[in-house]
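Under this note's numbering, the first residue of the sequence shown is numbered 1, with each subsequent residue one higher. See below for the structure under consideration.
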Amino acid sequence: MSNQAEVITKNRIGFQKSNIALGFLYKEWYELISKFLSEIDGINIELGCGASFIDQINKSIKKTDVFLNSNTDFKLNAMDIGEKFENKISNLILVNVFHHISDPELFLKSAENSLLSGGRIIMVEPCNNYWSRLVYKFIGHEPFDTNQIEWKFQSKDPLLDSNQALSWIIFERDYEKFKNLFPMFSIIKKKNMMPFSYLLSGGHSFNTRIGKLIRISRKFERFFFDKYLGMFNLICLEKI
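See below:
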């Protein structure tokens, strides 16, 4: 992990206080994730937590990352979770993290080993539709490559290297391959959301100071645009 990645993460901690609009959107994600948590008795872990404040919404969730800082409960590499927590996890949570995992097949195998029967992987990831492709390819600062053939990609830094189309590639384009490799996983929920609000908030790149007005945007787009133009989707996998 580069010093740059650690500095970026450190500088983002507490972002929900300075960028109220972005904090509101993350809070919505966290509340939605909480609704889909498996209720089986086990450990709830967020992987790649970064500047997450999900523990303020659900105190049962332990926050982890590949390096320690004031916002993590403990250090954990996503690839090691199957070995360190075999059959102990009830929920794995990843918010804009999955597309940074350079070997997703290996991760999914590790996650499968860590989960109890009935355990879930709940993630928020970039969506692939006409609108989101336009935004991610021409405005976004991370790659959005829908033509990537193999799931695995080269990565020197897990925070800075990514393919934002990865969840679409695995769970939609290559769905049959996914089912053949992971018959114990079932996709129980996919929900598109937030076509415009994230842009209006400025994301982590720029604070637009729109503040609480973001609530109006969310109410409007939630009813009319989320389903077909959402920039993000919630994906929930359950282990049989």
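Note that the Cβ used here is the ideal one computed from N, Cα and C, for glycine as well.
Classified as buried, R120 has 16 or more neighbouring CB atoms from the shown chains inside 10 Å of its CB. In this structure L47 touches T64 by the C-beta definition: roughly 6 Å separates them, less than 8 Å. Here M193 is bridged, per DSSP, to F232. In the DSSP annotation of this structure, the continuous segment of the alpha helix (DSSP H) that includes N3 starts and ends at 3-12. In chain order, N233, L234 place their CB closer than 7 Å to the CB of K191, counting only its own chain and leaving out the 5 sequence neighbours on each side. Only buried fits R218, as 16 or more other CB atoms lie within 10 angstroms of its CB. Sorting I33, S18, N19 by C-alpha distance to the C-alpha of V124 places I33 at the top. Within the DSSP bridge table, the entry for R218 names no partner. It is roughly 43 Å from the alpha-carbon of I20 to the alpha-carbon of N180. Contact annotation: the region 165-178 touches the region 127-136, with at least three C-beta pairs closer than 8 Å.
Pairing F144 with P158 gives a Cβ-Cβ distance that is not under 8 Å. If you draw a straight line from the Cα of D174 to the Cα of I149, it comes to about 10 Å. DSSP places I43 in the uninterrupted beta strand (DSSP E) bounded by 43-46.
Here M79 really is in contact with L106; their C-beta atoms are around 6 Å apart, less than 8 Å. Per the coordinates, the alpha-carbon of E238 lies some 34 Å from the alpha-carbon of N11.
Under the DSSP assignment, S110 falls in the alpha helix (DSSP H) whose first and last residues are 104-114. The residues K88, I89, S90, L116, G119, in chain order, have a CB closer than 7 Å to that of G42 in the same chain once the five nearest residues on each side in sequence are set aside. Only buried fits L76, as 16 or more other CB atoms lie within 10 angstroms of its CB. Contact annotation: F178 and I170 have beta-carbon atoms nearer than 8 Å. For K59, the three-state secondary structure derived from DSSP is coil.
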